[in-house]
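In this text, residue positions in the sequence shown follow full-length UniProt numbering: the first is 1, and each later residue adds one. Using N, Cα and C, we set each Cβ at its ideal position, and we do this for glycine too.
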Amino acid sequence: MANKTNFSEDELKQILSSYDLGNYKDSTPFTSGTVQTNIKVKTTKGQFVFRYYENRSVQSALFETNFLAYLKDHDFPCPKPFLNQYGEFVGIYKQKPYVLFEYMEGEHITNPSENQKTQLIKLAAELHNISKNYIPLYKEDRLNYSVVTCRKLAEQQAKQLCTNNAKEKLRWLEKELESLVLPESLPKGICHSDFHFSNILYKDGTCKALIDFDDANYTYLLFDLIVLIEYGAWQHDVDEYLNVKEAKKIISEYMKYRPLSDMEKKHLFDIYKLSILIDCVRYFDRGEVENFYERRKIEYLNHIGRMKFFENLFR
Numbered sequence: 001m002a003n004k005t006n007f008s009e010d011e012l013k014q015i016l017s018s019y020d021l022g023n024y025k026d027s028t029p030f031t032s033g034t035v036q037t038n039i040k041v042k043t044t045k046g047q048f049v050f051r052y053y054e055n056r057s058v059q060s061a062l063f064e065t066n067f068l069a070y071l072k073d074h075d076f077p078c079p080k081p082f083l084n085q086y087g088e089f090v091g092i093y094k095q096k097p098y099v100l101f102e103y104m105e106g107e108h109i110t111n112p113s114e115n116q117k118t119q120l121i122k123l124a125a126e127l128h129n130i131s132k133n134y135i136p137l138y139k140e141d142r143l144n145y146s147v148v149t150c151r152k153l154a155e156q157q158a159k160q161l162c163t164n165n166a167k168e169k170l171r172w173l174e175k176e177l178e179s180l181v182l183p184e185s186l187p188k189g190i191c192h193s194d195f196h197f198s199n200i201l202y203k204d205g206t207c208k209a210l211i212d213f214d215d216a217n218y219t220y221l222l223f224d225l226i227v228l229i230e231y232g233a234w235q236h237d238v239d240e241y242l243n244v245k246e247a248k249k250i251i252s253e254y255m256k257y258r259p260l261s262d263m264e265k266k267h268l269f270d271i272y273k274l275s276i277l278i279d280c281v282r283y284f285d286r287g288e289v290e291n292f293y294e295r296r297k298i299e300y301l302n303h304i305g306r307m308k309f310f311e312n313l314f315r
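Rendered as structure tokens:
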């Protein structure tokens with residue numbers, strides 16, 4: 001968990017003075033979220049979210065704000081970023097960027113109903129329909145999920161850990177990356193990349209907003225579909241097991257709003273493996289190379305194979 005920053009009333013008043021959002025009344029830090037500092041601020045004009053980026057560059061924050069502004073222009077339910085008096089989305093305080101966002105009403109649901117789950121799937125598909133036509137600025141300032149990024153980060157982790165286990169894990173990961181088949185024509189766009197319940201707001205049983213685009217990046221549009229499958233169909237309490245019936249339901253619901261091309265169907269297998277390998281990088285120091293969680297998942301998929309995986313989910 002990243003270190004969070006505490007803000008005094010005077011500091012928040014100083015920051016608000018650069019916006020036309022009313023006078024400061026009070027504030028409450030959000031307890032959820034493990035990386036950035038988020039504070040709900042109440043003013044004479046309403047409630048807002050102050051986000052202080054603990055580990056992002058200005059350009060990375062601008063990637064997020066520009067995309068959210070674009071989504072709002074297309075009536076997508078997400079937080080609107082506000083411009084300051086200088087016409088900028090991102091401000092700087094103590095050498096770190098910050099943004100003021102619209103406060104979205106709603107609650108987080110840890111155990112959504114089937115109807116609420118399908119609402120989220122629809123929302124994800126709608127996000128992709130919008131993002132596939134979006135040309136992002138500051139794309140290179142985000143951690144875009146790709147083979148190149150995965151290999152680079154794994155090399156950094158292995159060098160930093162400097163153990164035989166890390167070196168062997170890197171060799172294994174590089175071999176798996178080389179086995180992926182990812183045609184250049186696979187559709188790309190902005191993916192949210194984190195459909196954890198804490199990033200979805202429901203109100204009166206309806207999915208009202210998708211928040212926290214901190215992990216959003218330019219990657220294969222299939223990546224978010226994999227995230228949905230991972231949350232809804234992978235049996236995390238039973239290693240090496242995908243509930244094919246549930247996965248098919250998620251894919252079928254998604255395709256009501258964004259049909260998949262034949263190429264996407266064929267290479268969903270490869271994107272799934274890429275997502276697991278990226279998780280491997282996140283937890284690179286976890287487990288011995290001969291037997292660790294991500295390797296067991298990869299071996300499960302390899303045992304099925306690309307063609308059988310395709311047949312199981314699409315025929």
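Would residue i and residue j be called neighbours here (beta carbons separated by less than 8 Å)?
i	j	result
residue 217	residue 272	no
residue 142	residue 63	yes
residue 137	residue 189	no
residue 129	residue 258	yes
residue 201	residue 281	no
residue 56	residue 97	yes
residue 35	residue 214	yes
residue 30	residue 41	no
residue 124	residue 254	yes
residue 116	residue 205	yes
residue 82	residue 39	no
residue 166	residue 156	no
Do you know how far the Cα of residue j is from the Cα of residue i?
i	j	result
residue 72	residue 101	12 Å
residue 5	residue 14	16 Å
residue 53	residue 233	32 Å
residue 43	residue 22	5 Å
residue 283	residue 292	10 Å
residue 91	residue 99	6 Å
residue 226	residue 114	18 Å
residue 172	residue 85	52 Å
residue 24	residue 50	12 Å
residue 79	residue 263	33 Å
residue 278	residue 265	21 Å
residue 182	residue 45	49 Å
residue 306	residue 275	15 Å
residue 32	residue 17	27 Å
residue 26	residue 68	26 Å
residue 219	residue 140	11 Å
residue 89	residue 304	47 Å
residue 236	residue 243	10 Å
residue 112	residue 94	40 Å
residue 103	residue 261	37 Å
residue 75	residue 231	26 Å
residue 302	residue 250	22 Å
residue 186	residue 163	36 Å
residue 108	residue 195	12 Å
Could you check if residue i is buried or exposed, using at least 16 other CB atoms within 10 Å of its CB as the buried criterion?
i	result
residue 175	exposed
residue 28	exposed
residue 245	exposed
residue 309	buried
residue 294	buried
residue 267	buried
residue 199	buried
residue 119	buried
residue 193	buried
residue 159	exposed
residue 212	buried
residue 37	buried
residue 347	This structure does not reach residue 347, given that the chain is present from 1 up to 315, and the question cannot be answered.
Excluding sequence positions up to five away, which residues of its chain have a Cβ less than 6 Å from the Cβ of residue i?
i	result
residue 169	289
residue 269	306 and 309
Within a Cβ cutoff of 8 Å, which residues of the same chain sit near residue i, ignoring the five residues on either side of it in sequence?
i	result
residue 106	201, 202, 203, 208 and 209
residue 110	197
residue 161	284 and 285
residue 178	none
residue 256	122 and 125
residue 147	177, 180, 182 and 274
residue 66	89, 136, 137 and 138
Please work out which residues of its chain come closer than 7 Å, Cβ to Cβ, to residue i, disregarding the five sequence neighbours upstream and downstream, and give them in chain order.
i	result
residue 247	229, 233 and 313
residue 131	189 and 190
residue 77	208, 209 and 210
Verify the contact flag: residue i, CB atom, against every heavy atom of the ligand GDP, threshold strictly below 7 Å.
i	result
residue 148	Only the bare structure without any ligand can be found here, which leaves the ligand GDP out of the picture.
Does any residue of chain B bring its CB to less than 8 Å from the CB of residue i?
i	result
residue 209	Of the protein chains in this structure there is only one, and it is not chain B.
- request: Identify every run of the alpha helix (DSSP H) within the segment 245-291, keeping only runs that are complete inside it and at least 4 residues long; order them along the chain.
  value: Fully enclosed alpha helix (DSSP H) runs of 4 or longer: 262-282.
- request: Taking only runs that begin and end inside the segment 62-137, name each unbroken beta strand (DSSP E) of 3 or more residues, in chain order.
  value: The segment 62-137 contains these whole beta strand (DSSP E) runs: 91-93 and 96-102.
field: Segments of 3+ residues assigned as beta strand (DSSP E) that fall wholly inside the segment 159-201
entry: Correct list: 188-191.
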